[in-house]
Amino acid sequence: MSARGKARRRALDILFEAEARGEDPLRVLAERLERKEPPVNEYTAALVEGVCRHRARIDELITTYAEGWTLDRMPAVDRNLLRGGTYELLWMPDVPEGVVISEWVGLAAELSTDESPQFVNGLLARFKQLKPSLAL
Numbered sequence: 001m002s003a004r005g006k007a008r009r010r011a012l013d014i015l016f017e018a019e020a021r022g023e024d025p026l027r028v029l030a031e032r033l034e035r036k037e038p039p040v041n042e043y044t045a046a047l048v049e050g051v052c053r054h055r056a057r058i059d060e061l062i063t064t065y066a067e068g069w070t071l072d073r074m075p076a077v078d079r080n081l082l083r084g085g086t087y088e089l090l091w092m093p094d095v096p097e098g099v100v101i102s103e104w105v106g107l108a109a110e111l112s113t114d115e116s117p118q119f120v121n122g123l124l125a126r127f128k129q130l131k132p133s134l135a136l
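If you're matching positions, the sequence shown starts at 1 in full-length UniProt numbering and goes up one per residue.
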């Protein structure tokens with residue numbers, strides 16, 4: 001797994017853990033940075049911080065375009081995969097869009113349900129298509 005792949009996985013871990021504990025992801029990130037085990041690199045921190053900064057808009061986009069699914073009905077891991085992937089796809093222009101989608105779909109295949117990779121792929125691909133027209 002690439003360094004950025006590991007960073008995405010750690011960002012997902014932090015976002016998921018924060019939701020499970022009912023805590024602010026920035027607080028969980030700060031705990032991880034302080035513990036240094038496992039190590040948290042700058043890319044992980046940038047992903048978590050970006051998701052937190054744009055969370056309302058990200059959740060609005062997911063809710064709007066996830067046909068037949070509300071955020072509450074989605075598995076928690078899928079919600080957080082989509083949050084991380086949406087942030088990276090829409091607000092981190094230095095990363096190729098195809099790589100972003102592929103990496104987050106790969107995490108879905110590894111960590112979630114059999115249907116999750118297709119769901120994550122479909123939604124992120126839709127955001128890629130709509131990106132020029134989305135008000136960010």
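The beta-carbon is built from N, C-alpha and C at its ideal position, and this holds for glycine as well.
Validate contact between the region 64 to 76 and the region 115 to 132 using beta carbons, cut 8 Å, 3 pairs: yes
8 Å contact criterion, which PHE16 and ALA76 should meet: CB distance rounded: Rounded to whole angstroms, the Cβ separation of PHE16 and ALA76 is 6 Å, and the two are in contact under 8 Å.
Cβ neighbour criterion (16 or more within 10 Å) applied to ARG83: buried
Limits of the alpha helix (DSSP H) - the one that LEU33 falls within: 25 to 35
Extent of the continuous alpha helix (DSSP H) run through LEU71: Looking at the DSSP string, LEU71 is not in any alpha helix (DSSP H), and its letter there is neither H nor E.
Heavy atom of the ligand PLP within 8 Å of SER102 beta-carbon: Here there are no bound small molecules, and the ligand PLP is not part of this structure.
Cβ shell of VAL95 (< 7 Å), same chain only, five flanking positions each side left out: GLU88
Beta-carbon proximity check, LEU47 vs ALA11, cutoff 9 Å: yes
Cβ contact check for the region 102 to 112 and the region 19 to 35: 3 or more pairs under 8 Å: no
Bounding residues of the alpha helix (DSSP H) (the contiguous stretch that carries ALA7): 3 to 21
ASN80, buried or exposed, once every other Cβ within 10 Å from all chains shown has been counted against 16: buried
For ASP59, the three-state DSSP class (helix, strand or coil): helix
Cβ neighbour criterion (16 or more within 10 Å) applied to LEU136: exposed
Per-residue burial, PRO39 [other beta carbons within 10 Å of its own, 16 or more giving buried]: exposed
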